[in-house]
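Protein chains in written order, with the working numbering: chain G, 101 to 213; chain V, 653 to 763.
If you want it as structure tokens, here you go:
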């Protein structure tokens, strides 16, 4: 069975640009979460979506937005990119919400020049 | 502010030894706990989940939870060089869908 798939794998952008990252959950999983991981730190929670509704939002500015589609895939959008947005962006899926284990994709490495 | 604390290491153990990784959390409402393994340049991989006090064993891995002490640990028996990675501890609370991660402990298993 396919795991969580994310695209693209790597992305290079310049300050002020906008970026869209995509995620397809494990088949049967209805919940998708997004995390940002900078070097040397643990992942930081950005958003969670379950059944196409936002169920949680972390401490990130409004430049970050996301949505979930009827097929449970998800997109993370970041506007007005800053140098500090350079990080590994991870998508995780779980069967339900709450305390279900979350499984991560390989991530998208975003570099801002 | 919910926090999960881990010793950043590096923790070095000889091959075949037991590696002990520890984690404390600040939110008494936390109910679910997870250990992830992350190889350099890769994404986190779920190793264990634990929800109630006591021990949970899965192969060479044992997770331990003590909610009164707000303490979670992971034991790796018969450590192998392939276990060398950063181990992330994470928690989630009742009704909260987000995982709060520690910074991770880097484990090095010496052949």
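In this text, a Cβ means the ideal position worked out from N, Cα and C, and glycines have one as well.
Beta strand (DSSP E) segment containing residue 110 of chain G, residue limits:
110-113
Identify the contact partners of residue 755 of chain V in chain G, using a Cβ-Cβ distance below 9 Å as the criterion.
140, 141 and 142
Euclidean distance between Cα positions of residue 202 of chain G and residue 697 of chain V
9 Å
Applying the criterion that 16 or more other CB atoms from any shown protein chain within 10 Å of the CB defines a buried residue, is residue 707 of chain V buried or exposed?
exposed
Counting only beta-carbon atoms, is residue 195 of chain G nearer than 7 Å to chain V?
no
Have a look at G:211, G:205 and G:213 and flag the residue whose alpha-carbon is nearest the alpha-carbon of residue 106 of chain G.
Checking every option, the nearest Cα to that of residue 106 of chain G belongs to G:205.
Taking 6 Å as the limit between beta carbons, can you name the residues of its chain near residue 725 of chain V, skipping five residues before and five after?
674 and 716
Could you check whether the Cβ of residue 691 of chain V sits closer than 7 Å to any Cβ belonging to chain G?
no
CB-CB under 7 Å to residue 746 of chain V, same chain, minus the five flanking residues each way: which ones, in chain order?
Same-chain partners within the cutoff: 681 and 683.
In angstroms, rounded to a whole number, what distance separates the CA positions of residue 186 of chain G and residue 104 of chain G?
It is roughly 22 Å from the alpha-carbon of residue 186 of chain G to the alpha-carbon of residue 104 of chain G.
In three-state terms, what does DSSP make of residue 183 of chain G?
helix
Taking a cut of 8 Å between CB atoms, which residues from the region 696-708 of chain V lie near chain G?
696, 697, 698, 701 and 703
If you measure from the beta carbon of residue 167 of chain G to each beta carbon in chain V, is any gap under 7 Å?
No, no contact with chain V.
In the structure shown, what three-state DSSP assignment does residue 734 of chain V receive?
helix
Which residue's Cα is closest to the Cα of residue 159 of chain G: G:175, G:144 and G:119?
G:144
Residues sharing a beta bridge with residue 200 of chain G, DSSP
In DSSP, residue 200 of chain G forms no bridge with anything.
Looking at the C-beta of residue 136 of chain G, does it have a partner C-beta in chain V at a distance below 7 Å?
no
Relative to the C-alpha of residue 113 of chain G, which candidate in G:168, G:131, G:148 and G:181 has its C-alpha closest?
Cα-wise, what sits closest to residue 113 of chain G is G:181.
Under the three-state reduction of DSSP, which class applies to residue 655 of chain V: helix, strand or coil?
coil
Where does residue 762 of chain V land, buried or exposed, given buried means 16+ other C-beta within 10 angstroms?
exposed
CA-to-CA distance, residue 713 of chain V to residue 115 of chain G, given in whole angstroms
44 Å
Does the Cβ-Cβ distance between residue 754 of chain V and residue 142 of chain G come in under 7 Å?
yes
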